[in-house]
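Line order of the protein sequences matches chains L and E. If you're matching positions, the first sequence starts at 780 in our numbering and goes up one per residue. If you're matching positions, the second sequence starts at 62 in our numbering and goes up one per residue. Here a beta-carbon is modelled for each residue, glycine too, at the ideal position from N, C-alpha and C.
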Amino acid sequence: MSEKKEKKPLFKKLDVEARFGLMRMAVAIAIGLGLAIVLIVIGAKDPAESLKYFFLGPLQILNPNVAKGLSFNYFDYWIQNIIPLLFTGSAVCIMFSANKFNLGLEGAIMCGGLACGWVCCLLDGDIEAATANPVLCAVCGLLVSVIAGAIMTTIPALLEKKWGASIMVSSLMLNYISLYISRYCLFSTPLRDTRTSKYSWQWTENVVLTFRKFLGTQFTLRLGLFIGIIVVLVSWAFLFKTRWGFKIRQLGKNPSFAKYAGVGVVSVGVLVQVIGGMIGGLCGATVILGNYNYYYGVELTGYGWDGVTMAIFAGNNPIKLFLAAAFIAYIRAGALIMSTQPGGPINELTKIVEGVIILFLLAEQFLARTHRKMIVEEAKRKQALRLAAGEEVTE
Amino acid sequence: MENYLVMEDVTKIYNNGIIANDKVNFNARKGEIHAICGENGAGKTTLMKMLFGIEQPDEGKIIIKGEEMHLNSPTDAIKAGIGMVHQHFMQVPTLTVAENVTLGIEPTKGLVFDQAKAVEITRECCEKYGFEINPEAHIQDLSVGVKQKVEIVKALVKGCEILILDEPTAVLTPQETRELFLQLKNLRDSGCTIIFISHKLNEVKELCDRVTVIKKGKTIGVWNIKDVTEADISRYMVGVDVDLDIPKKPAEPKENVLVVKDLTVYNEAGKKKVDDVSFSVRKGEIVGIAGVEGNGQRELIDVITGLAKYNYGSITLMGKEVKDMDIQGLRDNGMVHIPEDRNLYGCARSMSIRDNMIADKISKPEYNNGIFIDEKAIKEDTDRWVKEYRVLCDDGDQLVGMLSGGNVQKVVVAREFTSYSELVISDQPTRGIDVGAAEFVRQRMVEMRDAGKAILLISADLAEIMSLSDSLIVMHGGKINAYFSDVKSLTEEDLGFYMLGVKHMSEEEIRGALHE
């Protein structure tokens, strides 16, 4: 029909739902940040100063040490906070895309870190002299962490498949089992450094250094960030550009339809959880290798929950994780920097902000009236267009 | 009484942006049967949902006996004297008739439910309006026709003065329909206003006093039934004369594609739903399955399409036993399936038209470049199918949830008919879609047959199944009750008797369904 070539618009005009989604996100964030401002004003000794650090701190410009050429640590807080969010966000995006609410990421991270630490200790038996090759240490650590993480999320998947146990419940329980495995290893096995109470033996510091300063700059460009970016990109391509990803999304959108169209519902459901756990394990290892040269895991990290936050922000699309992670990490870093200033409020503030934003994002009836109004307006606009084009006639 | 019920300039826009009602005007008098006619998707049901408080209008007024009403829930509507009989009955199958009828207005004795009182109330109401129902029977033991009466009594007991019936005859046999009409006329004579939604024009003509026609969400007009003919109404509804007869050459059946032999299926509760059924579908023929809903068709189709498993008997597709095949295996062997419930099985509403059309072929080599899917090839093919199957949409990237029912069905049909197929299972392929789309789907099915596919058609629409099928199986009580190798000589009346189980064929005749 259309013989004349139509000019392709640079950006496809967003439909009502997309516009509403953006608007809702903006309003939720505005409410969250507004609340943060209120809390800071109430709690801080010098609100103006605290607000400045909260909003501008991570950009480094307020760091008094920079002038002295000493440290980039403010900016590094930000980067450091982004890294685990990229991993866990990707993992949860993939699992939630298939509607598998596996909350075992926390355990996968724990076990990933533990396995990585153990391997590094084994490879580098000598405490005094750094004998092991740091690259070998890192590579082996990352590899075993992937396996360990996968095991932790696959267990609930198989329990569901075999006996119909609820994934959500069994994965939550398994998180604690992971934690106690980790504690047991630290307290009662040869992993423990006999001179300390809760650390493992140390391995060569070069691993950490490789991870932090692999480009050799004074600026701590972390290798973990690069691995994280790759994980996000691969996850995105996997979900949206391959047939397996297609089936995963199909399963998540309508399981009956997936079954009807011939998707192996059970195997795809297990697959996503294996992948999620692999990424989780990798996250645990990256955090360990990038920060410490010993294993230390006697508390749950909370990173697993961050993954859920990230997936909600990103709407299960990994590519949107970059913005989401940068934003959340920014306010976390901001709050941390603010809290280290004299008289600054504590950084738990960000948890409140995050919680409030998520609440508004998930509340289906939030802005429902505006939504209706937008739909009605759009429908009328389209009808007017059809009338003008003569496709519809009034009688 | 003029202007007993008035709906004035009522507009309803659904969340997917479809304008279901656009300034619709409707009014009904006291003590009349008023038909609302319109194609599927014209907005009849939406209008009635607003009257019954299930949906709220975006604009416009509802005025009952001169008083403007704001009906925010069915409870409000019931208070205002409105009752509705839905297409799908709202009943608890394990409870008795009396318990269902008094649900929500339960009589009590102290703190406990007064069973005797409930039975009495129900019996009184039945007697008053001339319904023959046993108040103590359990719903699950009743036939569809009786269940519908229970639904009407349910509304009457709550003091309803305006009764809405949404396509009440869709599930009934001709005999049950006749009985229903007698009772509705009695009700009207006792002062009740009845709104009768239907697109069966002969019924409208027979039963109703006036008719309002709605087309594409707009009121076309109101007529006294004696002033218009069926052809007139049809023209107002569709705009053009519709020819229900599909031109079709005689079938030339060849070898068997699907063979079902001695099949028995139990449902999850262990009840026998399909009882020793044998038949076959050959290349180049359309085999229809008729039957009152709930006589085993559902379970039969579920096991043929792989949605459920069976234990006794055998099903072979292209000579292969399908017992241990998964759905992918069935599809690889040439089964395609237009499911009865397009929103549950037929599509993912929050995925694009493109994704929905390609969903069953995504693993095919022609749509993959190594590990990545070939988006260009998918776009090319799906764009072509959108045109070929006349899906009304902005473009292929639009979400399926944004389409009207008829267009969703076209997406489903496009996907299934463009896949490799030997056997087409067509389950209620035109349910709830407009005349134009339905005609299109039916034509496609005949084309598929002429291209040598084997087609199994299940439909509750008797006119459809009689005009499309080359041979016809009637199911009753899980068994094949009749087999007609030639449908032309069959009358709707006769078919009704077999569907109800009043007439039976001999074993010998039924065995004709299986070609060996």
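Does the Cβ of residue i lie closer than 7 Å to at least one heavy atom of the ligand FMN?
| i | result |
| --- | --- |
| A521 of chain E | This structure lacks the ligand FMN; in fact it carries no ligand of any kind. |
Could you check what DSSP says for residue i in three-state terms: helix, strand or coil?
| i | result |
| --- | --- |
| C899 of chain L | helix |
| W1023 of chain L | helix |
| Y327 of chain E | strand |
| S546 of chain E | coil |
| K940 of chain L | helix |
| R974 of chain L | coil |
| G995 of chain L | For G995 of chain L, the pLDDT reaches just 49, beneath the cut-off of 50, and the residue's location in the model is therefore unreliable, although a value from the coordinates is still provided. Of the three classes helix, strand and coil, the one that applies to G995 of chain L here is coil, per DSSP. |
| K261 of chain E | coil |
| W980 of chain L | coil |
| D393 of chain E | helix |
| K277 of chain E | coil |
| N429 of chain E | strand |
| G1113 of chain L | helix |
| M780 of chain L | Reliability fails at M780 of chain L, whose pLDDT of 39 lies under 50, so the model's placement of it is uncertain and the value that follows must be treated cautiously. M780 of chain L falls in the coil class under three-state DSSP. |
| R403 of chain E | helix |
| A141 of chain E | coil |
| F1145 of chain L | coil |
| R343 of chain E | strand |
| N912 of chain L | coil |
Do residue j and residue i have their beta-carbon atoms positioned less than 8 Å apart in this structure?
| i | j | result |
| --- | --- | --- |
| S546 of chain E | S528 of chain E | no |
| P118 of chain E | T157 of chain E | no |
| C895 of chain L | L864 of chain L | no |
| Q244 of chain E | F192 of chain E | yes |
| W982 of chain L | C890 of chain L | no |
| I376 of chain E | I362 of chain E | no |
| K276 of chain E | P314 of chain E | no |
| L818 of chain L | L1140 of chain L | no |
| R321 of chain E | K334 of chain E | Per the sequence presented here, residue 321 of chain E reads as Val, with Arg not at that position. The answer is no: Cβ separation not under 8 Å. |
| Y1082 of chain L | I888 of chain L | yes |
| Y978 of chain L | Y856 of chain L | no |
| I571 of chain E | Y544 of chain E | yes |
| Y371 of chain E | Y1039 of chain L | no |
| G811 of chain L | V1132 of chain L | yes |
| T491 of chain E | D522 of chain E | yes |
| A877 of chain L | V1051 of chain L | yes |
| M560 of chain E | V353 of chain E | yes |
| I123 of chain E | I225 of chain E | no |
Requested in this report: Report the residues of the region 102–117 of chain E with a CB closer than 7 Å to any CB of chain L, ordered along the chain.
Outcome: none
**Report entry** Meets three-Cβ-pair contact criterion under 8 Å: the region 250–259 of chain E and the region 90–99 of chain E
**Finding:** yes
Query raised in the report: Are the region 964–979 of chain L and the region 1088–1099 of chain L touching by the rule of at least three beta carbon pairs closer than 8 Å?
Result: no
Query raised in the report: When you check each C-beta in the region 1146–1161 of chain L against every C-beta of chain E, which residues fall closer than 9 Å?
Result: H1150, R1151, I1154, V1155, E1157, A1158, K1159 and K1161
Query raised in the report: Is the region 457–473 of chain E touching the region 201–209 of chain E, taking contact as three or more C-beta pairs under 8 Å?
Result: no
Report task. Just list the alpha helix (DSSP H) runs in the region 808–883 of chain L, keeping only unbroken ones of 4 residues or longer that don't cross its boundaries, in chain order. Result -> 826–835, 843–846 and 852–876
Requested in this report: Output the residue ranges of the beta strand (DSSP E) runs that lie fully inside the region 165–227 of chain E and measure 3 residues or longer, sorted by chain position.
Outcome: 223–227
Query raised in the report: At a Cβ cut of 8 Å, what residues of the region 1017–1031 of chain L count as close to chain E, listed as they run along the chain?
Result: K1020, T1021, R1022, F1025, K1026, R1028 and Q1029
Query raised in the report: Taking one C-beta from the region 79–87 of chain E and one from the region 99–109 of chain E each time, how about it: are there three or more such pairs within less than 8 Å?
Result: yes
Query raised in the report: Which runs of the alpha helix (DSSP H), 4 residues or longer, sit entirely within the region 71–135 of chain E?
Result: 105–112
Query raised in the report: Taking contact to mean at least 3 C-beta pairs separated by less than 8 Å, is the region 490–507 of chain E in contact with the region 464–482 of chain E?
Result: yes
Report task. Compile a chain-ordered list of the residues in the region 417–441 of chain E whose CB is closer than 7 Å to at least one CB of chain L. Result -> A420, D421, I423, S424, N429, I432, F433 and I434
Query raised in the report: Listed from N- to C-terminal order along the chain, which residues in the region 1037–1071 of chain L have their beta-carbon within a distance smaller than 9 Å of any beta-carbon of chain E?
Result: A1037, K1038, Y1039, A1040, G1041, V1042 and G1043
Query raised in the report: Would the region 1118–1130 of chain L and the region 790–807 of chain L be scored as touching if the rule is three or more Cβ pairs under 8 Å?
Result: no
Query raised in the report: What are the residues of the region 378–402 of chain E that lie near chain L, defined by any Cβ-Cβ distance shorter than 9 Å?
Result: D387, I388, Q389, G390, L391, R392, D393, H398, P400 and D402
Query - the region 279–298 of chain E in contact with the region 114–130 of chain E per 3-pair CB rule at 8 Å - result: no
Query raised in the report: What residues in the region 77–91 of chain E bring their beta carbon closer than 7 Å to a beta carbon of chain L?
Result: G78 and I80
Query - Against chain E: residues of the region 795–810 of chain L by CB proximity under 9 Å - result: V795 and E796
**Report entry** Residues of the region 915–929 of chain L with Cβ closer than 7 Å to any Cβ of chain E, in chain order
**Finding:** none
Query raised in the report: What are the complete alpha helix (DSSP H) segments, minimum 4 residues, inside the region 501–541 of chain E?
Result: 523–529
Query raised in the report: Should the region 180–194 of chain E be regarded as contacting the region 69–84 of chain E, the criterion being three or more beta carbon pairs within less than 8 Å?
Result: no
Requested in this report: Pair every Cβ in the region 384–397 of chain E with every Cβ in the region 475–489 of chain E, then say whether three or more of these pairs are closer than 8 Å.
Outcome: yes
Query raised in the report: Are the region 129–136 of chain E and the region 212–229 of chain E in contact at 8 Å, needing three or more beta carbon pairs?
Result: no
Query raised in the report: Between the region 860–880 of chain L and the region 998–1017 of chain L, do three or more beta carbon pairs fall short of 8 Å?
Result: yes
Query raised in the report: Are the region 403–417 of chain E and the region 1021–1037 of chain L in contact at 8 Å, needing three or more beta carbon pairs?
Result: yes
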